[in-house]
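Q: Can you read through this structure? Questions will come right after.
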Amino acid sequence: MLLRTLSVLLLHLSSLYLRLGTASASCSCSSVLVPVHVDVLVPKDPNDVFGGLKSNETSLRRVNTTYDIYGVFCRPNAGNEDVLQLLAHGFSYTSQYWSPPIEEFRNYSYTAFSCERGLPSLAVDLLAAGLSSRPANASDVQYPTNAAVLSQLARHLKTAPILPGVRPFQKIIGIGHSLGSALFNFGAIVDGVQSPFDALVLTSILIFGPNDPPPGSGTSAVPIAARDADPLRWGALDPAYVTIDDRTPFYPADPTAYSPRMFLFDGFTKDVGALSLAVQVASSSIPAANYTGAVVKVVGAEDQVVCAADRCVDVEALTEAEQVVWPAAKSFEVLVLQGSGHDLNLDFRAGAAFETIFGLVAKFAEK
């Protein structure tokens, strides 16, 4: 167990070394560990598909604690020092999703892409993933907890420096992938006008109601107990910590659309999440009635998880359906990227996805 833990730590450190060693002279990255305090109510039943948003107080319990959140902060030596991109990865991933150290990694690194164009970012490991705190009880890791971590972290970074010599940020834009997007969505519902996020770019997520099959249904993206998937690494974990063994649905169905080396790396570095995070997706169907920032959803046309059954073909109809839950947003749109899969950052179309996401962020940063 110790050897496997050390190997995971070395993998993260090697990723950081690559970022530091191969980034251009105009950009630098640092590893950070930020204590984040949350005080939230979570469902006593972690299988509550709405994550407690429709529960009464008798069916909720309190989580009041401080977690250590790991992240990689990338900063241009010259550029916009007032705006930060807070990057949240998807289920069974870590912050490495935003900069995987493989195959001239900058081709797959959104952090490098945006940093070289003058915008800083903080890519975090979500609660229970990677090098962030992992509660012994997986039922503590629910949508309210993880969403509160992101919101509280953003509030902290607007009032305190992330590193010495870095002033607090005036604007923070949340950029999520899959689960990360869902957590920003949940936070917008809860925080409303008090949200610390000035805009949201939500990738690889669409509305799923309580009567819809969960994202990935009908594919092999089925959560399994992490301790069964890798007893050496995760054998001591609560069985409600799960992972996704088969990564195939995260890529386009056409195997020539992505690198086999990336696919192997993805499987080797997969991580865990709480089972409740795979269940509480119906919260996305509840309106974020009081969130007033700009919102954009970006999905891949070849996304086997959220765009099955031609769901993303009619972009106008999709936009109309999705906009319903963002009635107060400053602006709202849905963009469908042709050729991209669920993991926008990891297939051969990553560069196009980066151009799209960065263009959105640059526009929001100016407003």
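Read left to right, the sequence shown gives residues -25 to -1, 1 to 342 (mature numbering (1 follows the signal peptide of the UniProt record, and there is no 0)). C-beta atoms are modelled at their ideal positions from N, C-alpha and C, and glycine is treated no differently.
#1: Note down, in chain order, each residue of its chain lying with its Cβ closer than 6 angstroms to the Cβ of D241, except the 5 sequence neighbours on either side.
#2: Please state the DSSP three-state secondary structure of F339.
#3: Leaving out five residues before and five after D23 in sequence, what residues of the same chain have Cβ atoms less than 7 angstroms from its Cβ?
#4: Tell me whether S1 sits in a helix, a strand or coil according to DSSP, three-state version.
#5: Given H12, which residues of its chain have a CB within under 6 angstroms of its CB, disregarding the five upstream and five downstream residues?
#6: Tell me which same chain residues have a C-beta within less than 6 angstroms of the C-beta of V270, skipping the five on either side of it?
#7: Q117 and P18 - do their beta-carbons sit closer together than 8 angstroms?
#8: If you follow the beta strand (DSSP E) that F323 is part of, which residue opens it and which one closes it?
#9: Does the beta-carbon distance from Y45 to L321 come in below 8 angstroms?
#10: For A232 and G316, which I take to be in contact (beta-carbon distance under 8 angstroms), what is that distance rounded to the nearest angstrom?
#11: Look at the alpha carbon of T218 and the alpha carbon of A325, and state the distance between them as a whole number of angstroms.
#12: What separation, rounded to the nearest whole angstrom, lies between the Cα atoms of F225 and C282?
#13: By Cβ distance, which residues of its chain are closer than 6 angstroms to G210, with the 5 residues on each side in sequence left out?
#14: Use the C-beta contact count for P136: other C-beta atoms within 10 angstroms, 16 or more gives buried, fewer gives exposed.
#15: What would DSSP say about V290, mapped onto helix, strand or coil?
#16: Use the C-beta contact count for L(-20): other C-beta atoms within 10 angstroms, 16 or more gives buried, fewer gives exposed.
#17: Decide yes or no for the touch test of the segment 161 to 181 against the segment 83 to 102: beta carbon pairs closer than 8 angstroms, at least 3 of them.
#18: If we ignore side chains and look at the alpha-carbon of each, how far apart do L(-17) and E295 end up?
#19: Look up Q60 in the DSSP assignment and give the residues it is bridged to.
#20: Buried or exposed: where does residue 370 fall if 16 or more other Cβ atoms within 10 Å of its Cβ makes it buried?
#21: For S259, which of Q279, D285, V299 has the nearest alpha-carbon?
#22: Over what stretch of residues does the beta strand (DSSP E) that includes V24 continue unbroken?
#23: Note down the Cα distance separating S251 from L16, rounded to an integer number of angstroms.
#24: Taking DSSP as the reference, what is the three-state secondary structure of G(-5)?
#25: According to DSSP, is T194 helix, strand or coil?
#26: Identify, in the order they occur along the chain, each residue of the same chain with its Cβ nearer than 7 angstroms to the Cβ of N265, setting aside the five sequence neighbours on each side.
#27: Could you have a look at S89 and say whether DSSP puts it in helix, strand or coil?
#28: Within 10 Å of its beta-carbon, does K146 have 16 or more other beta-carbons around it, so buried, or fewer, so exposed?
#29: Assign N186 to buried or exposed, taking buried as 16 or more other Cβ atoms, counted over all protein chains shown, within 10 Å of its Cβ.
#30: Starting from I219, follow the beta strand (DSSP E) in both directions and report where the run begins and ends.
#31: Beta-carbon within less than 6 angstroms of L335's beta-carbon, same chain only, minus the 5 sequence neighbours each way: which residues are those?
#32: From I148 to L61, what does the alpha carbon distance come to, in whole angstroms?
#33: What first and last residue would you give for the alpha helix (DSSP H) that runs through I164?
#34: In chain order, what residues of the same chain have a beta carbon less than 7 angstroms from the beta carbon of P139, not counting five sequence neighbours either side?
A: If we stick to the structure as given:
#1: Contacts found: R222.
#2: In this structure, DSSP gives F339 a helical state, which the three-state scheme calls helix.
#3: So the list reads S30, Q255, once near-sequence residues are dropped.
#4: S1: coil per DSSP, three-state reduction.
#5: Within the same chain, H12 has close Cβ partners T41.
#6: Closer than 6 angstroms at the Cβ level, and outside the excluded window around V270, lie L175, W301, A304, F307.
#7: Yes, the Cβ-Cβ distance between P18 and Q117 is below 8 angstroms.
#8: From DSSP, F323 is part of no beta strand (DSSP E); its letter is neither H nor E.
#9: Contact: no.
#10: Indeed they touch by this definition, with Cβ atoms about 7 angstroms apart.
#11: When only Cα atoms are considered, T218 and A325 end up about 24 angstroms apart.
#12: Answer to the nearest angstrom: the Cα atoms are 11 angstroms apart.
#13: Excluding positions up to five away in sequence, the list reads R202.
#14: Under the 10 Å beta carbon count, P136 is surrounded by fewer than 16 other beta carbons and is classified as exposed.
#15: For V290, the three-state secondary structure derived from DSSP is helix.
#16: The pLDDT assigned to L(-20) is 34, lower than 50, so where the model puts this residue is not dependable; a value taken from the coordinates is nonetheless given after this. With fewer than 16 Cβ atoms within 10 Å of its Cβ, L(-20) is classed as exposed.
#17: Contact between the segment 161 to 181 and the segment 83 to 102 is absent, because fewer than three Cβ pairs lie under 8 angstroms.
#18: Legend: pLDDT at L(-17) = 42, less than 50; position of this residue unreliable, value from coordinates given subsequently. Cα to Cα, L(-17) sits roughly 44 angstroms from E295.
#19: Answer is S96, I148, bridged to Q60.
#20: Since the displayed the chain opens at -25 and closes at 342, residue 370 lies outside it and no answer follows.
#21: Check the Cα spacing between S259 and each of Q279, D285, V299: the tightest is with V299.
#22: Premise fails: V24 is in no beta strand (DSSP E) and is neither H nor E.
#23: The alpha-carbon atoms of S251 and L16 are separated by roughly 14 angstroms.
#24: At G(-5) the pLDDT is 36, less than 50, meaning the model places this residue with poor confidence; the figure from the coordinates comes in the next sentence. Residue state, collapsed to three classes: helix.
#25: Looking at T194 - three-state DSSP - the assignment turns out to be coil, as it is neither helix nor strand.
#26: Counting only Cβ-Cβ distances below 7 angstroms, and skipping sequence neighbours, we find G167, V168, A303.
#27: Correct three-state label for S89: helix.
#28: By the neighbour-count rule (16 or more Cβ atoms within 10 Å), K146 is buried.
#29: Counting Cβ neighbours within 10 Å, N186 comes out exposed, since fewer than 16 surround it.
#30: Note, I219: beta strand (DSSP E), 216 to 219.
#31: Contacts found: V176, V271.
#32: Spanning the two alpha carbons is a distance of roughly 6 angstroms.
#33: Element bounds for I164: 154 to 166.
#34: Cβ contact annotation for P139 (same chain, cutoff 7 angstroms, sequence separation greater than five): none.
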